[in-house]
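In the working numbering, the protein residues as written are 13 to 613.
Backbone N, C-alpha and C fix where the C-beta goes; we use that ideal spot for every residue, glycine too.
Here the structure comes first, spelled out in structure tokens, and everything after it is commentary.
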Amino acid sequence: MPETTVELICNGRSAGFAEETDAGEYQLFIDSSLIREGENLLLARAFDSLGNSSELSDLQTFVYDQNAPLVTAIVVDSLWLNYGPTQISIIFAEKDINPDSVLSQDNYLLLAAGGDGTFDDGNEIAIQPTAILYTENTYTLTLVLPQTVTNTSELGPDAYRLLLPAGSGIQDIAGNTIEQSASRDFSVVTAAVIHSHETYSFVTADGNRIKVMIQGDGDASILLGEAVGTENTIEQIVLTNTNDNTTLKITASSGSLPFSIGTILCDSPLGSISTAKAAITDVIRVQQSISKLLVGAIGDNASFHLVSSNTTAEPNKNGLKIYADTIGQNVSFDITGHLQSFQADNYESGELTAQSISRFAITNGNLGAALAVTDDLENLVIPHGDLTGNLTAGDRIGTIQVRRGTVNADIRAAEINAILARAFTGALIRTDTFLNKIKIGSGQDTTISAGTDLFTLKCSGHLIQSTLAAGASLEKIRIGGDALDSFFLSGTDLGPDAQLGGNNDLFNDGNLNLTVKGAYLGSIAAAAVNPGSDLAYFTADDSSAADAVLTVKFSRNTLLETTHDSLFGLLAGGSIQPFKARGQLYQAPLAIDQFRMMLLE
Numbered sequence: 013m014p015e016t017t018v019e020l021i022c023n024g025r026s027a028g029f030a031e032e033t034d035a036g037e038y039q040l041f042i043d044s045s046l047i048r049e050g051e052n053l054l055l056a057r058a059f060d061s062l063g064n065s066s067e068l069s070d071l072q073t074f075v076y077d078q079n080a081p082l083v084t085a086i087v088v089d090s091l092w093l094n095y096g097p098t099q100i101s102i103i104f105a106e107k108d109i110n111p112d113s114v115l116s117q118d119n120y121l122l123l124a125a126g127g128d129g130t131f132d133d134g135n136e137i138a139i140q141p142t143a144i145l146y147t148e149n150t151y152t153l154t155l156v157l158p159q160t161v162t163n164t165s166e167l168g169p170d171a172y173r174l175l176l177p178a179g180s181g182i183q184d185i186a187g188n189t190i191e192q193s194a195s196r197d198f199s200v201v202t203a204a205v206i207h208s209h210e211t212y213s214f215v216t217a218d219g220n221r222i223k224v225m226i227q228g229d230g231d232a233s234i235l236l237g238e239a240v241g242t243e244n245t246i247e248q249i250v251l252t253n254t255n256d257n258t259t260l261k262i263t264a265s266s267g268s269l270p271f272s273i274g275t276i277l278c279d280s281p282l283g284s285i286s287t288a289k290a291a292i293t294d295v296i297r298v299q300q301s302i303s304k305l306l307v308g309a310i311g312d313n314a315s316f317h318l319v320s321s322n323t324t325a326e327p328n329k330n331g332l333k334i335y336a337d338t339i340g341q342n343v344s345f346d347i348t349g350h351l352q353s354f355q356a357d358n359y360e361s362g363e364l365t366a367q368s369i370s371r372f373a374i375t376n377g378n379l380g381a382a383l384a385v386t387d388d389l390e391n392l393v394i395p396h397g398d399l400t401g402n403l404t405a406g407d408r409i410g411t412i413q414v415r416r417g418t419v420n421a422d423i424r425a426a427e428i429n430a431i432l433a434r435a436f437t438g439a440l441i442r443t444d445t446f447l448n449k450i451k452i453g454s455g456q457d458t459t460i461s462a463g464t465d466l467f468t469l470k471c472s473g474h475l476i477q478s479t480l481a482a483g484a485s486l487e488k489i490r491i492g493g494d495a496l497d498s499f500f501l502s503g504t505d506l507g508p509d510a511q512l513g514g515n516n517d518l519f520n521d522g523n524l525n526l527t528v529k530g531a532y533l534g535s536i537a538a539a540a541v542n543p544g545s546d547l548a549y550f551t552a553d554d555s556s557a558a559d560a561v562l563t564v565k566f567s568r569n570t571l572l573e574t575t576h577d578s579l580f581g582l583l584a585g586g587s588i589q590p591f592k593a594r595g596q597l598y599q600a601p602l603a604i605d606q607f608r609m610m611l612l613e
């Protein structure tokens, strides 16, 4: 039988010919330059002494791993009231952990400080996990800690440290051992506890008497700020065993100064939180449902994670109601379900997300925070301030009222019923379908783009350097002042980017009805016109998109000025209705200085 040799191919390159070590068995040491970190591909083929080659073998893979396992996070809250955690999660950086190596208790050292709050002084107490679990698809190890028969942690008030030392038995499947230690400290502190229908009362250093009350079923653990050295009057309140009729009420003595609360946590349903004089400085988190939240001031960077009592997102049903005074910078509200009402003095920055909103009111200041609504935003009212935060609604926006302020925001929805504002400045309004009504005092540097019809726009003052576009008709556009260097485009869907020349521009049929009482200078009204590749009107590549009608009504003085740096005027893919201005009749085609009336075929 002819002599057989075997060639190995590693990651598409020849690794050489293997040495036969026993009958039918071959061995080859592959040069490290051919091997890459992670998964490698290996093929083989045999040759006889005449040079005849076999087919390639089935593909084999192997993992080359030089990196030691690394802990990316130890997940456990840093502060616990009265009782510690029942488990701690450890997350590794790689998926190829040897699952058998992580299950030994010898790899983990959980220490209690021994009552003095310090470590490395010889009086620490070691605590053994009761179970160790590893989930391969999330690279997560769970240490289950000692618990009572009621599933309450046996870790009492003390300081604790979890340590994963370097050189322990934790390995990946390549045999690399953990080289970097990882540790996490946390504390369990003594807190006051009250139960159903009980009150906890204390007096602050400045003489305020604060009362914390549970009205209805439930338990509350209350940690004062002075107990852990923070500036908050109350550092943390943890609620358990509540229901949807329970109220947490926190009051201060009459005439007292505002006080602060760091964190309120609740893992069960809750009726309401009422603390009108308190400033919230960190987090309120209600894991299940809540109907009402009444707070005083909200500090910078605070966050709220709330589940509405109505998760069906039907605006005609009750849902979460939120009332606040002043709101600091970069405050976030993450709301699951329907927000029935929101009212605050101001909300300058941050973000609020919800399934739907019935009423959102900023009573004395500005709305600069972003609102992101999955379904409907029914009513937004800002009676005295400006709207500068972006708004998005997956379905409908009902009414936006900024009657004394300016809109300088990006507003997007499937459809919008009405926007009422003193002025638009640098605004972008976009609907996927129709936009019913806009009423403003003036507009500048603004784009309004409807996917289908824009039914009514009334601007009592000037409209300057702005664009009004509709995928179908601009039904009723009324400019009470001047229309300067602006575009009025019917049959023009600018697409999601709301920009002429974007990738999604569509040119269709659409009539245009325009009234201008002031000057009309530098502006272009185009009904069902495709401006061509140069994206400029009154040029040779303009074409008709459909047989549309452009109707204008100009005042006696509208066309007193017809000299401009570029061509402007009226352009239609169908017809332009004759009109009177300056005491004479205008009809297409027409050229006066730079003013044009043109029809396209």
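Distance between residue j and residue i (C-alpha atoms, nearest Å)
| i | j | result |
| --- | --- | --- |
| Ser578 | Ala538 | 16 Å |
| Ala336 | Ile347 | 16 Å |
| Ile185 | Pro177 | 19 Å |
| Ile302 | Ile339 | 20 Å |
| Asn376 | Gly397 | 7 Å |
| Ser614 | Asp387 | Past the edges of the chain, shown from 13 to 613, lies residue 614, and the structure says nothing about it. |
| Ser567 | Gly530 | 7 Å |
| Gly126 | Ile276 | 29 Å |
| Thr259 | Ala356 | 21 Å |
| Glu360 | Ile182 | 49 Å |
| Phe74 | Val87 | 32 Å |
| Asn569 | Arg594 | 6 Å |
| Glu243 | Gly274 | 9 Å |
Contact check, residue i vs residue j, beta carbons under 8 Å
| i | j | result |
| --- | --- | --- |
| Asn79 | Arg48 | no |
| Tyr146 | Lys107 | no |
| Ala421 | Asn402 | yes |
| Ala584 | Leu602 | no |
| Leu512 | Ile491 | no |
| Leu383 | Ile394 | no |
| Asn627 | Gly331 | Outside the shown range of the chain (13 to 613) lies residue 627, about which nothing can therefore be said. |
| Ile234 | His209 | no |
| Leu123 | Glu136 | yes |
| Ile103 | Thr84 | yes |
| Ala171 | Asp197 | yes |
| Ile423 | Leu447 | no |
Residue i in three-state terms, based on DSSP
| i | result |
| --- | --- |
| Thr386 | coil |
| Thr242 | coil |
| Val114 | helix |
| Leu512 | coil |
| Ser454 | strand |
| Glu19 | strand |
| Glu613 | coil |
| Thr216 | coil |
| Glu247 | strand |
| Asn525 | strand |
| Asp150 | A small correction: the amino acid at residue 150 is Thr; Asp does not occupy that position in the sequence shown. Looking at Thr150 - three-state DSSP - the assignment turns out to be helix. |
| Gly380 | coil |
| Gly96 | coil |
| Phe340 | Before going further, note that residue 340 is Gly rather than Phe in the sequence given. Gly340 falls in the coil class under three-state DSSP. |
| Asn52 | strand |
| Asn402 | coil |
Extent of the continuous beta strand (DSSP E) to which residue i belongs
| i | result |
| --- | --- |
| Ile285 | Leu282 to Thr287 |
| Glu32 | Glu31 to Asp34 |
| Glu427 | Asp422 to Thr437 |
| Ile42 | That residue, Ile42, is in no beta strand (DSSP E); it is neither H nor E in DSSP. |
| Val200 | Ala194 to Val201 |
| Ser535 | Here Ser535 belongs to no beta strand (DSSP E), and DSSP marks it neither H nor E. |
| Lys470 | Leu466 to Cys471 |
| Arg594 | Element bounds for Arg594: n/a, residue is neither H nor E. |
| Gln300 | Ala290 to Val307 |
| Phe354 | His350 to Ala356 |
Below-8 Å beta-carbon distance, residue i vs any chain C residue
| i | result |
| --- | --- |
| Ile339 | Reference to chain C is not applicable here, since this structure consists of a single protein chain. |
Other residues of its chain near residue i: CB distance less than 8 Å, five sequence neighbours each side excluded
| i | result |
| --- | --- |
| Leu597 | Pro590 and Phe591 |
| Ala239 | Val201, Thr202, Ala203 and Glu247 |
| Glu15 | Asp60 and Ser61 |
Contacting residues, own chain, Cβ-Cβ under 6 Å from residue i (five flanking each side not counted)
| i | result |
| --- | --- |
| Phe316 | Ile296 and Phe345 |
| Ala433 | Val414, Val419 and Ile452 |
| Gln299 | Asp279 |
| Lys223 | Thr211, Ser213 and Thr263 |
Cβ shell of residue i (< 7 Å), same chain only, five flanking positions each side left out
| i | result |
| --- | --- |
| Ser193 | Leu175, Leu176, Pro177 and Ala178 |
| Gly463 | Thr443, Asp444, Thr445, Gly483 and Asp505 |
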